[in-house]
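Colleague:
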Amino acid sequence: MSNAGIAFIASLAAGLSTGVGSIIGFFTKRTNTKFLSVALGFSAGVMIFVSMVELYPQSVYDMSTHFGEKAAGWATLGAFLGGMLLVALIDRMLPSDQNPHEVKTPEHFHPSPVPKSSHHHLMKTGVFTALAIAIHNFPEGLASFASTLENPQVGLVIAAAIAIHNIPEGMAVSLPVYYATGSRKKAFWMSFLSGMVEPLGAVVGYLIFGTWLTSWVLGAVMAAVAGIMVYISLDELLPAAREYGEHHLSIYGLIGGMVLMGSSLLLLK
């Protein structure tokens, strides 16, 4: 299978985990917050390590073939900060209640029967959260696709990290819709469709990069992807990990993610 095919499957799997999160939420009255804290910290460790150790230096190398070493350094920094700015602007445009970076547990949506007066508000919350997550999933799909296209082994690990943090986002979409409508089917499909924007980002990436893929374009994309993942890790994953569990658990997960990613990179060379 070509790298592009592997990249699309990786993005699809990451997007499907949003639906997995919705299913878990239906049958879980109380989240295992300690496990979730470690898992989110682990995802952050993977993303931060691979961004700074693998993607950023690779970007400098790729762009130096076109711009020269010094200019490539500045171009990489600009693309890295540009990726951060993209996600930050998306966050600024979204209401805080519907921002997927404000991860919520099932308890937040009242596992007990919800008064009818709250149904409209919960349904609105679910719909807007689905739209917000769909917006966020697009650059994530692009990130997993681009990284897998460059290095399938590294890209698959990144896709797995994205998949882990998509699970609580799936809960954030499906649970308010479920408690508003009483329909697991409606809640699941809304969560599922918000996750499918992830492979859509991969398709768009293929259409763009398949036509204009040069060394400096790939380098710029890698740097932007690194910026996106570092921002998501610092703004979403680590704060959520600390909120869900003990501070040390999130750090243990972070270190574990870095150890796994570092070991994987050494073993794959």
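Using the working numbering, read the sequence shown as starting at 29 and increasing by one per residue.
In this text, a Cβ means the ideal position worked out from N, Cα and C, and glycines have one as well.
#1: Output the distance between the C-alpha atoms of K98 and L262, rounded to the nearest integer angstrom.
#2: Rounded to a whole number of angstroms, what is the C-alpha to C-alpha distance between R270 and G69?
#3: Is I256 closer than 9 Å to A191 when the C-beta atoms are compared?
#4: Indicate the three-state DSSP secondary structure (helix, strand or coil) for N31 in the structure shown.
#5: With a Cβ-Cβ cutoff of 9 Å, do L184 and A32 count as a contact?
#6: Determine contact between the stretch 36 to 52 and the stretch 209 to 219, defined as no fewer than three beta-carbon pairs at a distance below 8 Å.
#7: With D90 as the anchor, note down where its alpha helix (DSSP H) starts and where it stops.
#8: With DSSP run on the structure shown, which of helix, strand or coil describes N194?
#9: V205 to F36, Cα distance in whole Å?
#10: Quick check: what's the CA-CA separation for F137 versus F63?
#11: Just how far apart, CA to CA, sit G285 and A208?
#12: Quick one, which of V258, L113, L294, V201 has its alpha-carbon nearest S219's?
#13: Out of G281, M91, D119, M121, state which residue places its alpha-carbon closest to the alpha-carbon of F108.
#14: Taking M224 as part of the alpha helix (DSSP H), name the residues at either end of that continuous run.
#15: Would you kindly report the start and end of the unbroken alpha helix (DSSP H) that includes G255?
#16: Leaving out five residues before and five after L40 in sequence, what residues of the same chain have Cβ atoms less than 6 Å from its Cβ?
#17: Quick one, which of N165, L288, A174 has its alpha-carbon nearest I195's?
#18: Judging by CA-CA distance, which residue of A187, M75, S30, I34 is the nearest neighbour of E264?
#19: Which residues in the same chain have their Cβ closer than 7 Å to the Cβ of G110, if we skip the five residues on either side of it in sequence?
Modeller: Checking against the coordinates, here is how it stands:
#1: 28 Å
#2: 8 Å
#3: no
#4: helix
#5: no
#6: yes
#7: 84 to 95
#8: helix
#9: 29 Å
#10: Residue confidence is low: F137 scores 46 on pLDDT, short of 50, so the model does not pin down where it sits. No coordinate-derived value is stated.
#11: 37 Å
#12: V201
#13: M91
#14: Looking at the DSSP string, M224 is not in any alpha helix (DSSP H), and its letter there is neither H nor E.
#15: 243 to 260
#16: P227
#17: N165
#18: M75
#19: A252, G255
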